[in-house]
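The structure appears below as structure tokens.
Number of protein chains: 2
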Amino acid sequence: MELTDKMQAFVMHCGEMGSRWGFNRTIGQMYALLLISEEPLSANELSQTLHISRGNVSMGIKELNSWQLIATRHKPGDRKEYYQPAGSIWQMANRVFEQRRKREIDPTLSLLRDNLLDEPRDQQERYAQQRLLEIHDLLEMITEWASELQRLSPEKLSTLMKLGAGVSKILDFRDKLSPKDRTES
Amino acid sequence: MELTDKMQAFVMHCGEMGSRWGFNRTIGQMYALLLISEEPLSANELSQTLHISRGNVSMGIKELNSWQLIATRHKPGDRKEYYQPAGSIWQMANRVFEQRRKREIDPTLSLLRDNLLDEPRDQQERYAQQRLLEIHDLLEMITEWASELQRLSPEKLSTLMKLGAGVSKILDFRDKLSPKDRTES
DNA sequence: AGGTACTTTCAGAACATAATGAACATTTGG
DNA sequence: CCAAATGTTCATTATGTTCTGAAAGTACCT
């Protein structure tokens with residue numbers, strides 16, 4: 001498969017950013033390429049277009065699958081597998097957030113929980129636990145909030161985001177109108 | 186400096202998570218240690234407690250400074266520098282988000298912008314640009330939304346987050362009450 | 001000036017991660 | 001059943017990242 005310069009540039013950029021986004025260079029390139037190509041691509045096409053080994057592609061596919069970022073397609077009379085991005089850009093972003101939360105936050109949260117179960121033995125530990133508690137509460141709030149957002153429909157999310165700073169006004173508004181109605185949950 | 190087992194465990198955990206959070210093992214450990222110790226620590230104390238070289242500590246300090254995560258303190262009659270976490274946990278989380286946004290999103294956003302300035306030359310490019318546009322809009326919305334949130338006071342943010350799913354209700358509420366008032370910005 | 005207490009830098013070693021490609025496994029059509 | 005086409009695995013190689021420690025730098029004393 002032939003790429004125009006601009007497409008090349010995008011694919012290579014995604015490769016460079018790959019590791020920052022939680023996967024590696026080739027996986028970034030592979031996903032970028034699948035995203036911008038109208039037709040699903042086979043493993044061989046990926047390998048040839050990106051100049052990476054067939055084995056590497058296979059491992060990359062496996063990883064992208066585990067992130068639920070691609071779907072497999074078949075063409076009639078062809079036993080090759082063809083790959084294409086799974087779902088909309090929104091869904092993709094959701095998946096990436098979720099996966100990263102699992103890797104970057106959940107383990108820490110569970111360590112903190114365990115730690116906070118024990119009584120502190122001295123002043124030093126008392127101080128430390130206080131700090132851990134703050135982090136714990138923050139992380140917990142972030143994960144809960146994130147999963148609430150994920151549960152919202154894309155339209156509502158979009159409304160909420162476009163609202164931007166307006167959110168602040170709405171909060172004031174609500175407090176003035178119905179102070180009893182404050183959330184307790 | 187002596188650490189209890191639990192404090193050890195936390196520090197080591199942060200080391201392991203370090204690279205997932207955007208810095209490296211020793212930097213994660215250093216920051217964790219500073220967070221849970223009541224007194225500011227000197228570079229030597231960090232080096233000895235964590236069993237890492239003095240040079241490594243120096244580089245770590247530099248990096249933590251660039252993330253604006255630590256503050257330098259001095260004790261009277263002592264020329265050593267002592268380090269402690271800068272600001273509250275909230276501020277720390279803010280800083281980390283911001284830094285990561287700069288590294289993980291901004292470069293892509295600017296590549297996409299450049300790319301979208303050019304006219305597509307053929308069908309293949311037309312399709313690709315369509316996809317890039319979607320990503321661009323998504324990323325832009327995320328960064329704008331994120332900076333709005335950062336601008337909110339911690340109290341309001343907290344209210345908003347505790348609200349959780351309630352956000353959805355408020356959106357409905359607003360739409361019913363004052364449909365003309367929809368945000369245009 | 002010279003000495004001491006501290007910090008920073010950076011080349012190279014140690015370690016960690018990713019990529020290759022040949023061997024192995026699987027599926028399908030004949 | 002065999003052979004061809006495709007997919008997967010994994011030991012080895014290649015690349016990238018982090019850490020060390022010795023040397024150089026800085027600031028402050030007397």
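Those protein sequences? They're chains U and P, same order as listed.
Read left to right, the first sequence gives residues 1 to 185 (the working numbering).
Read left to right, the second sequence gives residues 186 to 370 (the working numbering).
The C-beta atom is built at its ideal place from N, Cα and C for all residues, glycine as well.
Q | Where Lys-6 (chain U) falls, given that 16 or more other Cβ within 10 Å makes a residue buried | A | buried
Q. At a Cβ cut of 9 Å, what residues of the segment 1-23 of chain U count as close to chain P, listed as they run along the chain?
A. For the segment 1-23 of chain U, which is checked against every Cβ of chain P, the residues closer than 9 Å are Glu-2, Leu-3, Thr-4, Lys-6, Met-7, Ala-9, Phe-10, His-13, Cys-14, Glu-16, Met-17, Arg-20, Trp-21 and Gly-22.
Q: Examine the Cβ distances between the segment 139-159 of chain U and the segment 99-107 of chain U and report whether three or more of them are shorter than 8 Å.
A: Flag = yes, the segment 139-159 of chain U and the segment 99-107 of chain U touch.
Q. Thinking just about the alpha-carbon of each residue, which of P:Lys-354, P:Pro-339 and P:Met-244 is nearest to the one in Leu-160 (chain U)?
A. It is P:Lys-354.
Q: Give me the Cα-Cα distance between Gly-207 (chain P) and Gly-77 (chain U), rounded to the nearest whole angstrom.
A: Each residue's Cα considered, the two are about 46 Å apart.
Q: Output, in chain order, the set of chain U residues within a Cβ distance shorter than 9 Å of Ser-353 (chain P).
A: Glu-148, Arg-151, Leu-152, Ser-153, Lys-156 and Leu-160
Q. Which whole-angstrom value describes the C-beta separation of Leu-69 (chain U) and Ala-86 (chain U), a residue pair presumed to lie in contact below a C-beta threshold of 8 Å?
A. 6 Å
Q.
Rounded to the nearest angstrom, what separates Met-197 (chain P) and Ser-227 (chain P) at their Cα positions?
A. Between the alpha carbons of Met-197 (chain P) and Ser-227 (chain P) lies a distance of about 19 Å.
Q.
Rounding to the nearest angstrom, what Cα-Cα distance links Gly-203 (chain P) and Thr-211 (chain P) in this structure?
A. 8 Å
Q) Mind pulling the chain U residues with CB within less than 7 Å of Leu-294 (chain P)? A) Residues of chain U passing the Cβ test: none, with the nearest at roughly 11 Å.
Q) In whole angstroms, what separates the C-alpha of Glu-16 (chain U) from that of Ile-52 (chain U)? A) 15 Å
Q) Taking Cβ-Cβ distances shorter than 9 Å, what residues in chain U pair up with Tyr-312 (chain P)? A) Ile-36, Ser-37 and Glu-38
Q | Candidates U:Pro-107, U:Gln-48 and U:Phe-97, of which the one nearest Phe-195 (chain P) by Cα | A | U:Pro-107
Q) Would you say Asn-186 (chain U) reaches chain P, if we count a Cβ-Cβ gap shorter than 9 Å as a contact? A) Past the edges of chain U, shown from 1 to 185, lies residue 186 (chain U), and the structure says nothing about it.
Q.
I want to see whether chain P comes within less than 9 Å of Ile-89 (chain U), judged by CB atoms only; does it?
A. At least one chain P Cβ lies under 9 Å of Ile-89 (chain U).
Q.
Using the Cβ count rule (16 or more neighbours within 10 Å means buried), how would you classify Gly-55 (chain U)?
A. Of the residues assessed, Gly-55 (chain U) falls on the exposed side of the cut-off, its CB having fewer than 16 other CB atoms within 10 angstroms.
Q. What three-state label does DSSP hand Ala-71 (chain U) in the structure shown?
A. In the three-state reduction of the DSSP assignment, Ala-71 (chain U) falls in the strand class, which pools E and B.
Q. Quick one: is Leu-139 (chain U) buried, meaning 16 or more other Cβ sit within 10 Å of its Cβ, or exposed?
A. buried
Q: Pick out whichever of P:Tyr-216, P:Ser-343 and P:Leu-249 has its Cα sitting closest to the Cα of Leu-235 (chain P).
A: P:Tyr-216
Q. For Pro-270 (chain P), which three-state DSSP category applies?
A. DSSP, read as helix, strand or coil, puts Pro-270 (chain P) in strand.
Q: Mind listing, in chain order, the continuous alpha helix (DSSP H) runs of no fewer than 4 residues lying wholly within the segment 79-163 of chain U?
A: 89-104, 106-117, 123-151 and 154-163
Q) What's the call for Glu-155 (chain U), buried or exposed, on a 16-neighbour Cβ count within 10 Å? A) Residue environment for Glu-155 (chain U): exposed (fewer than 16 other C-beta atoms within 10 angstroms of its C-beta).
Q.
For Pro-225 (chain P), tell me which candidate among P:Tyr-268, P:Gln-233 and P:Lys-260 has the shortest Cα-Cα distance.
A. P:Tyr-268
**Q.** Arg-205 (chain P): first and last residue of the uninterrupted alpha helix (DSSP H) it sits in
**A.** Element bounds for Arg-205 (chain P): n/a, residue is neither H nor E.
Q) Of all Cβ atoms in chain P, is any one closer than 9 Å to the Cβ of Met-30 (chain U)? A) no
**Q.** Best match in U:Arg-131, U:Leu-34, U:Asn-65 and U:Leu-152 for proximity to Trp-275 (chain P) [C-alpha to C-alpha]
**A.** U:Arg-131
**Q.** Proximal residues of chain U, C-beta to C-beta of Gln-309 (chain P) below 9 Å
**A.** Glu-2, Leu-3, Thr-4, Met-7, Ile-36, Ser-37 and Glu-38
**Q.** Residue from P:Met-244, P:Asp-357 and P:Ala-256 whose Cα sits closest to the Cα of Val-220 (chain P)
**A.** Contrary to the premise, residue 220 (chain P) reads as Leu rather than Val in this sequence. Nearest option by C-alpha distance: P:Ala-256.
Q | Proximity winner among U:Leu-111, U:Glu-2 and U:Asn-44, relative to Cys-199 (chain P) (alpha-carbon distances) | A | U:Leu-111
Q | Rounded straight-line distance, which links the Cα of Gln-8 (chain U) to that of Val-242 (chain P) | A | Rounded to whole angstroms, Val-242 (chain P) to Gln-8 (chain U) spans 40 Å at the Cα level.
Q) Any idea which residues DSSP pairs Ser-222 (chain P) with across the strands? A) Answer is none; Ser-222 (chain P) lacks a bridge partner.
Q. Alpha carbon to alpha carbon, what distance is there between Ser-37 (chain U) and Asn-24 (chain U)?
A. 20 Å
Q.
Less than 9 Å between the C-beta atoms of Leu-294 (chain P) and Val-167 (chain U), yes or no?
A. no
Q. For Ser-251 (chain P), which three-state DSSP category applies?
A. The DSSP-derived three-state label of Ser-251 (chain P) is helix.
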